[in-house]
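Asks: Residue numbers (this note's numbering), protein chains in the order written: chain A, 1 to 114; chain B, 1001 to 1112.
Backbone N, C-alpha and C fix where the C-beta goes; we use that ideal spot for every residue, glycine too.
Bear in mind that the values here come from a model prediction, so they are computed numbers and not experimental data.
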């Protein structure tokens, strides 16, 4: 199983809503990531979790709140988002060690903030 | 920080060869990755280089020169399904940093 599963695939939310994005992998990977990708742009790193601990936060606004409840799950809690936060949100995972440990990406959640 | 440059677009004919160049300036280097991304889909891993030289994987090869901050992805025997965006990504500054910084991507269009 080399899949990273993200739900939902599409999400439309108002600026006052609270929603969560979910990501799941069963490859035994201990590093998990959230990326944001705008149209025709490359993915931009938001957060990295290593062994269920937050290791990198790329100065992401607090309206995005990550959570890693266990080694297979990664959530991104959303609150009071702005229309410019509309994007494709990609989850990825990799082995947490040196070497050719490529990141496997999920299909993404396409988020629209109205 | 990381500064990663690659051409915006390339067009080639089915069966031909295309070379996508990537140059980078980084505050630390621990590997270079190439990913393929079809429109509306997730990026998929193609290759990894951490030492200088050529890595070959079927129709795809990737080259790295660390002293020049340069890599290329070579796509041989192009097929229509190879039409996609190709992303160069650098990991750094530490090997355990897990931080991938992506270039803007090169859109390759394969014509019959």
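Between which two residues does the beta strand (DSSP E) holding residue 1051 of chain B run?
Replies: Taking the first residue of the second chain as position 1, residue 1051 of chain B is located at position 51. Counting along the chain, residue 1051 of chain B falls outside any beta strand (DSSP E), and DSSP gives it neither H nor E.
Asks: So, is the C-beta of residue 28 of chain A closer than 8 Å to a C-beta in chain B?
Replies: Working through the first chain from its first residue, we reach residue 28 of chain A at position 28. Taking Cβ atoms only, chain B never reaches closer than 8 Å to residue 28 of chain A, which makes this a no.
Asks: List, in chain order, every chain A residue whose beta-carbon is nearer than 7 Å to that of residue 1042 of chain B.
Replies: The count along the second chain starts at 1 and reaches residue 1042 of chain B at position 42. In chain order: 90, 105, 106, 107 and 108.
Asks: Taking the beta strand (DSSP E) that residue 1021 of chain B falls in, what are its first and last residues?
Replies: Indexing the second chain from 1 puts residue 1021 of chain B at position 21. 1018-1026 is the span of the beta strand (DSSP E), which, as asked, contains residue 1021 of chain B.
Asks: Give a yes or no on whether the minimum CB-CB distance between residue 102 of chain A and chain B is below 8 Å.
Replies: Reading the first chain from its first residue, position 102 is the one you call residue 102 of chain A. True, the Cβ-Cβ gap to chain B drops below 8 Å.
Asks: So which residues on chain B does residue 31 of chain A lean against when the C-beta distance must stay under 8 Å?
Replies: Taking the first residue of the first chain as 1, we reach residue 31 of chain A at position 31. Correct list: 1098.
Asks: Short of 6 Å in beta carbon distance, which residues of its chain neighbour residue 94 of chain A, apart from the five on each side in sequence? Order them along the chain.
Replies: Counting from 1 along the first chain, the entry for residue 94 of chain A is found at position 94. Within the same chain, residue 94 of chain A has close Cβ partners 29, 31, 101 and 103.
Asks: How long is the line joining the alpha carbons of residue 1035 of chain B and residue 80 of chain A, rounded to whole angstroms?
Replies: Locating residue 1035 of chain B in the second chain gives position 35, counting from the first residue. Locating residue 80 of chain A in the first chain gives position 80, counting from the first residue. If I take the Cα positions, the gap works out to 33 Å.
Asks: Within its chain, find whatever has a CB closer than 8 Å to the CB of residue 86 of chain A; leave out the 5 residues flanking it on each side and keep chain order.
Replies: Sequence index remark: in the first chain, residue 86 of chain A carries index 86 (1-based). Cβ within range, chain order: 111, 112 and 113.
Asks: Shortest alpha-carbon distance to residue 1046 of chain B belongs to which of B:1080, B:1063, B:1013 and B:1008?
Replies: Your numbering for residue 1046 of chain B matches position 46 in the second chain. Ranking the options by Cα distance to residue 1046 of chain B, first place goes to B:1063.
Asks: Would a C-beta distance cut-off of 8 Å place residue 1053 of chain B and residue 1093 of chain B closer than the cut-off?
Replies: Walking along the second chain from the start, residue 1053 of chain B turns up at place 53. Walking along the second chain from the start, residue 1093 of chain B turns up at place 93. Not in contact: residue 1053 of chain B and residue 1093 of chain B (Cβ atoms no closer than 8 Å).
Asks: Mapping the DSSP letters down to three states, classify residue 84 of chain A as helix, strand or coil.
Replies: Numbered from 1 along the first chain, position 84 holds the residue referred to as residue 84 of chain A. Three-state DSSP puts residue 84 of chain A in a helix.
Asks: Output yes or no for whether 8 Å exceeds the beta carbon distance between residue 1042 of chain B and residue 25 of chain A.
Replies: Here the question's residue 1042 of chain B lines up with position 42 in the second chain. Here the question's residue 25 of chain A lines up with position 25 in the first chain. In this structure, residue 25 of chain A does not lie closer than 8 Å to residue 1042 of chain B by Cβ.
Asks: If you reduce the DSSP assignment to three classes, tell me which class residue 1081 of chain B lands in.
Replies: Taking the first residue of the second chain as 1, we reach residue 1081 of chain B at position 81. Helix.
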